Each structure stands twice: as structure tokens, then as C-alpha cells.
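In our numbering, the protein residues as written are 2 to 148.
The beta carbon of each residue, even a glycine, is placed where N, CA and C say it ideally should be.
Predicted model, so just to flag it, every value in this text is computed and none were measured.
Working notes for the structure below.
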């Protein structure tokens with residue numbers, strides 16, 4: 002490789018790193034809660050604890066009731082990687098162990114964004130995720146996910 006080409010490759014890589022998207026910018030999903038929930042944002046770690054049922058309440062003390070999309074849904078894959086920092090398969094294995102040991106059961110699963118939104122709207126502590134482009138009905142709002 003000549004010197005000019007090396008410099009271009011290094012400069013391109015550096016620009017690529019600078020332009021790397023943040024969780025919020027790269028997300029193809031948005032996290033939604035019941036409109037009556039006072040939470041405005043949640044960290045990935047906090048959401049992981051809620052979706053793995055290691056935490057059952059929000060910091061305000063209000064109950065947290067997570068809902069997932071079904072395993073094969075592409076938005077679930079994005080959420081699992083982006084927020085839970087694990088694959089859908091790894092989450093499935095986690096739940097198999099929890100169920101077998103009698104510790105906990107996984108969140109309800111819904112087949113569509115509309116079903117997730119209906120669940121969240123009907124449950125005061127409801128929290129779920131839908132495709133970024135999904136319009137929100139009354140009774141549901143988006144929260145910011147921090148890392």
C-alpha cells in the first residue's frame with residue numbers, strides 16, 4: 002500500500018468512527034410507555050432489568066410491565082441488540098433457564114406494533130417498543146433511551 006492510500010484509509014476509518022451513530026440515532030425502534038407513567042427516560046441497563054424481570058418497578062415506584070414483540074420480528078432483534086445488548090436467541094435461553102428453575106416468566110409477546118401499543122395503553126406500568134415509524138395513539142408516549 003502506498004503512503005497516500007494508507008492515509009486515505011486511516012482518514013476514512015477515523016471519519017467513520019466520528020460519524021458512528023449513537024443508540025438513539027441508529028435505532029429502528031422507539032421505546033413507549035403508558036402516558037400516565039412519569040418516566041421520561043431510561044438507561045439501557047434499567048430497561049434490561051425490566052425486560053428480564055430483574056426489576057418490577059420504575060424508579061418512581063410504579064410497577065413496570067414489559068411487553069415484547071414475537072421472536073422473529075426484526076424490531077425485536079434491533080431492540081435486543083441495541084438495548085439488552087444480547088441476541089434474541091440469548092434472551093430465549095435466559096428465559097428457558099428462568100422458567101425451568103421456577104424463577105420468573107418472560108414478558109407477554111405480541112405479534113404487531115398495534116398490539117404492543119394496545120397493551121401499553123391498557124397497562125399503567127406498560128413498557129414496550131415499536132418500529133420508529135409507527136404512529137402513536139393517545140395514551141402512549143415515547144421515552145428516551147440512554148446508555
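A check of alpha carbon separations from residue 114 across 130, 126, 108 and 106 identifies 130 as the nearest.
Looking at the DSSP output, residue 48 sits in no beta bridge, so it has no partner there. Boundaries for residue 54: no beta strand (DSSP E) harbours it, and the DSSP string shows neither H nor E there. Looking at the backbone, the Cα of residue 29 and that of residue 52 are separated by about 18 Å. Annotation for residue 89: 72, 77, 78 and 81 place their beta carbon closer than 7 Å to its own, counting only its chain and skipping 5 residues before and after.
In this structure, DSSP gives residue 112 a state outside helix and strand, which the three-state scheme calls coil. Between the C-alpha atoms of residue 62 and residue 74 there is a straight-line separation of about 31 Å.
Straight-line measurement puts the Cα of residue 145 at about 13 Å from the Cα of residue 38.
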